[in-house]
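The listed protein sequences derive, respectively, from chains A and B. Residue numbering for the first sequence follows our numbering, beginning at 1 and increasing consecutively. Residue numbering for the second sequence follows our numbering, beginning at 253 and increasing consecutively. Just so you know, even glycine gets a beta-carbon here, dropped at the ideal spot from N, CA and C.
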Amino acid sequence: MRLVAHGIGVRLGRRLVLQDVTVSAGRGELVAIIGPNGAGKSTLLKALAGLIPVREGRVTLDDRDIRSLDERARGRHIAFIPQDRLVHWPLPVRRVVGLGRLPHDASPRDAQAISEALSAMDLEKLADRPVDELSGGELARVLQARALAQEADILIADEPTAGLDMGHVLQLFTHLERLSAQGRTVIVAVHDVSLALRHCHKTILLKDGRVLAEGASNDVVTPEIVAAAFGVGVAIATLDHVPIVLAKQTLT
Amino acid sequence: MRKHAQRALVVALCLLVALAFAGSMMLGPDGLGLPEGGDALRLVLVEIRLPRALLGLLVGGALGLAGAALQGYLRNPLAEPGLLGMAGGASLGAVIAIHTGAAGLLSFALPLGGLAGATIATLAVVLLAGQGSVPVTLILAGVAMSSVAGALTSLVLNLAPNPFASVEMVYWMMGSLNDRSLEHVFIAAPLIMVGSLVLLSTRRWLDALSLGELAAQNLGVSPAALRLRIVFGAAMAVGAATSVTGAIGFVGLVVPHLLRPFVAYEPGRLLVPSFLGGAALILIADIALRLLSPAGDLKLGVLTALIGAPFFLWLVLASRREFGA
């Protein structure tokens, strides 16, 4: 499926958070959204997921306006992982993951999808544990497993790596790469620019609510472009075939 | 495993409600027993004891269910059915009915006054809260409406035409199942049942809401539709309940809280048990009341408050332990 934002503008209260943003993600693409704090990454993800209305332009899913789909249908096409890791009651892990099946309305695949999601996120041993007994990283994986259980064509995740140890960051991205290889579309906001360069086909760089650059990650994550967006001198190197991006000094 | 436990809980609560209902039907002013045959038996059972037991069941159920639904919707275990202002509105409507003397002329003017008050309060809360989908605006609107209703209720009490009227108002506000007739049942039952069904229909949405509003919306919850169902479901159930029995506190707070661990904290699964638990609690409290004070001077709402207040203290101590203070 193809998800496209056509020149969207979003206002939160009086603030114009996104202006004239045009981006797209196609089948099998793994897309990173990067940008300094307050650039509008979370807002863009919510608009792409159809969770907030846009003031200008529109978001389409295979040429259909996303806000014209009802909530349940949207939930079957797009799984969204919010930045806040909220679970308000100490529910068992399996039940939280099972909530991902709600848009499917008791389908025969439910049990299978839940156990696959648990195993993909390495959670089988924790399945019956109440979520208030988990560490922050474990909770993050539970909420990611919830989105996987949704079995949507498109997965949108807002800062899914925040608070994860390096092992689980790698495991998460390996899994996202696998999903995109299966033909799913994956869009992730990340703080660590190295992750975009290393794992994502495509990178969208936002600044002050506008798209500063969009394209193949190699073309977007360059010292010049990243420096212009983040206001720091940047070094990009490759160590053991792994690209790393580091801030060198603050530019004034 | 989980389903079995859930079913066992519901069956156990159903049995408890059935027992309490039967107990309520059997209990008269001279203790357990039925009057001797014929018309007296019919009169006592159908006209006196049945309305009392049915109202206990429905009102307790409505309060328990509305409490559980509001706690799930607001994701706050301290939410209670009065929070959205309907109970305050119903009380105001009822005291106005007493003040104007309408209640003295027509027996059902009092509950109708209560319903009118609850309806106006609900509409005011909806208008006040506006279109936004954030629950906190709803709470603010409800609290504001409750305080307006509370102030006006005090005013009506203050301006009571005679001491008897003010005593009647105060007694009514304490909440009771005394001297209720089948008319009261006919007024309240349909509204409580429809309101309860509306609240039950939010079951899966409340589960999804456990993950926060954004995730819930992604799982198919329409925030506007959910809010509508919660407000009008609670308004019908709580407004009708308060209109016929007066304010009965703590049931909607205590019952969901006690039952939550038995349903693995799932807000959706909590709804049916909370209806049954609320019904059982009110029926049992009403039986205890009649045994303790056969003359009927002790009011049901007072007894539930006496049970509820220590529970609140226990909650404070439990949360102190939890936060290590």
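Beta carbon of residue i nearer than 8 Å to that of residue j
{"i": "A516(B)", "j": "R95(A)", "result": "yes"}
{"i": "E299(B)", "j": "S433(B)", "result": "yes"}
{"i": "L18(A)", "j": "G40(A)", "result": "yes"}
{"i": "G57(A)", "j": "A25(A)", "result": "no"}
{"i": "R479(B)", "j": "V450(B)", "result": "no"}
{"i": "V142(A)", "j": "L123(A)", "result": "yes"}
{"i": "A189(A)", "j": "E159(A)", "result": "yes"}
{"i": "A349(B)", "j": "L362(B)", "result": "yes"}
{"i": "A557(B)", "j": "G498(B)", "result": "no"}
{"i": "A320(B)", "j": "S495(B)", "result": "no"}
{"i": "V269(B)", "j": "A489(B)", "result": "no"}
{"i": "H351(B)", "j": "P415(B)", "result": "no"}
{"i": "R27(A)", "j": "T185(A)", "result": "yes"}
{"i": "A216(A)", "j": "I34(A)", "result": "no"}
{"i": "G324(B)", "j": "L522(B)", "result": "yes"}
{"i": "T389(B)", "j": "A381(B)", "result": "yes"}
{"i": "L44(A)", "j": "H199(A)", "result": "no"}
{"i": "A493(B)", "j": "V311(B)", "result": "yes"}
{"i": "V446(B)", "j": "L306(B)", "result": "no"}
{"i": "V220(A)", "j": "T203(A)", "result": "yes"}
{"i": "V87(A)", "j": "D128(A)", "result": "no"}
{"i": "L550(B)", "j": "S448(B)", "result": "no"}
N- and C-terminal bounds of the alpha helix (DSSP H) containing residue i
{"i": "E116(A)", "result": "D110 to A120"}
{"i": "D538(B)", "result": "L523 to L544"}
{"i": "T371(B)", "result": "A361 to A381"}
{"i": "E214(A)", "result": "Taken as a continuous stretch (DSSP letters only), E214(A) belongs to no alpha helix (DSSP H), being part of the beta strand (DSSP E) at R210 to A216."}
{"i": "L179(A)", "result": "M166 to A181"}
{"i": "R455(B)", "result": "R455 to L461"}
{"i": "A342(B)", "result": "M338 to H351"}
{"i": "K41(A)", "result": "K41 to L48"}
{"i": "I33(A)", "result": "No alpha helix (DSSP H) holds I33(A); the beta strand (DSSP E) holding it covers L30 to I34."}
{"i": "I482(B)", "result": "P475 to T497"}
Host beta strand (DSSP E) of residue i (start-end)
{"i": "V188(A)", "result": "T185 to A189"}
{"i": "S24(A)", "result": "R15 to A25"}
{"i": "T250(A)", "result": "V242 to T250"}
{"i": "L6(A)", "result": "Sequence check: residue 6(A) is His here, not Leu. Element bounds for H6(A): L3 to L12."}
{"i": "I204(A)", "result": "K202 to K207"}
{"i": "G233(A)", "result": "V232 to L239"}
{"i": "A157(A)", "result": "I154 to D158"}
Within chain A, partners of residue i - CB distance below 8 Å
{"i": "E518(B)", "result": "W89, L91 and R95"}
{"i": "L466(B)", "result": "K46, L51, F80, P82 and D84"}
{"i": "A331(B)", "result": "Correct list: empty, because the minimum Cβ distance to chain A is about 12 Å."}
C-alpha gap between residue i and residue j, whole angstroms
{"i": "L265(B)", "j": "L552(B)", "result": "21 Å"}
{"i": "L271(B)", "j": "F514(B)", "result": "21 Å"}
{"i": "A235(A)", "j": "P223(A)", "result": "6 Å"}
{"i": "I154(A)", "j": "A73(A)", "result": "13 Å"}
{"i": "A396(B)", "j": "G337(B)", "result": "8 Å"}
{"i": "I559(B)", "j": "L463(B)", "result": "33 Å"}
{"i": "P562(B)", "j": "R294(B)", "result": "40 Å"}
{"i": "V483(B)", "j": "A331(B)", "result": "13 Å"}
{"i": "D105(A)", "j": "G98(A)", "result": "11 Å"}
{"i": "S428(B)", "j": "S115(A)", "result": "51 Å"}
{"i": "L581(B)", "j": "L458(B)", "result": "Only positions 253 to 577 of chain B appear in this structure, which leaves residue 581(B) out of reach."}
{"i": "D84(A)", "j": "A157(A)", "result": "11 Å"}
{"i": "L528(B)", "j": "I444(B)", "result": "14 Å"}
{"i": "V347(B)", "j": "A440(B)", "result": "18 Å"}
{"i": "P333(B)", "j": "A314(B)", "result": "9 Å"}
{"i": "P546(B)", "j": "M278(B)", "result": "14 Å"}
{"i": "E435(B)", "j": "R11(A)", "result": "54 Å"}
{"i": "S276(B)", "j": "S453(B)", "result": "30 Å"}
is_contact[residue i, chain C] using C-beta, thresh 8 Å
{"i": "V473(B)", "result": "Absence of chain C from the displayed structure is noted, the protein chains being A and B."}
Neighbour list for residue i in chain B, Cβ cutoff strictly below 8 Å
{"i": "A79(A)", "result": "N470"}
{"i": "L139(A)", "result": "Chain B residues near L139(A): none, gap ~11 Å exceeds 8 Å."}
{"i": "R72(A)", "result": "G472"}
Chain-ordered neighbours of residue i on chain B, where CB pairs are closer than 7 Å
{"i": "G75(A)", "result": "N470, L471 and G472"}
{"i": "P223(A)", "result": "Residues of chain B passing the Cβ test: none, with the nearest at roughly 35 Å."}
{"i": "L102(A)", "result": "R456, A460, L471 and G472"}
Interface residues of chain A facing residue i [CB-CB closer than 7 Å]
{"i": "S462(B)", "result": "V87, H88, W89 and L91"}
{"i": "D459(B)", "result": "L99"}
Cross-chain neighbours of residue i in chain A, by beta carbon under 9 Å
{"i": "R327(B)", "result": "L86, H88 and W89"}
Please give me, in chain order, every unbroken run of the beta strand (DSSP E) with length at least 3 that falls completely inside the region 54-104 of chain A. Here the runs fully enclosed are 56-61 and 78-81.
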